[in-house]
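Numbering (this note's numbering), first residue to last: 32 to 97.
Note that CB positions come from ideal geometry on N, CA and C, so glycine has one too.
Bear in mind the structure is a predicted one, so any value in this text is a computation, not a measurement.
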């Protein structure tokens with residue numbers, strides 16, 4: 032689900048917007064066996080000290096629904 036093409040696109044977006052931060056990405060797909068396949072990954076920097084975003088990084092929910 033998450034592959035090199037998606038990773039490159041996300042990295043490009045972060046660079047184009049000159050984002051000093053990062054993002055968490057989740058892809059959810061319904062499987063044929065009535066379950067769900069979930070993949071998560073972090074991109075970019077989570078903290079000023081250089082700590083990277085991971086799939087376990089917590090984000091404050093702010094104005095993210097506009």
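Checklist entry - Which of helix, strand or coil does DSSP assign to residue 35? => result helix
Item to check | For residue 40, three-class secondary structure by DSSP | outcome: helix
Checklist entry - How long is the line joining the alpha carbons of residue 40 and residue 54, rounded to whole angstroms? => result 12 Å
Next on the checklist: Below 8 Å, how does it come out for the stretch 77 to 91 and the stretch 58 to 66: are there three or more Cβ pairs, yes or no?
Outcome noted: no
Checklist entry - Between residue 50 and chain D, is there a C-beta pair that is closer than 9 Å? => result This model lacks chain D altogether, as it is built from one protein chain only.
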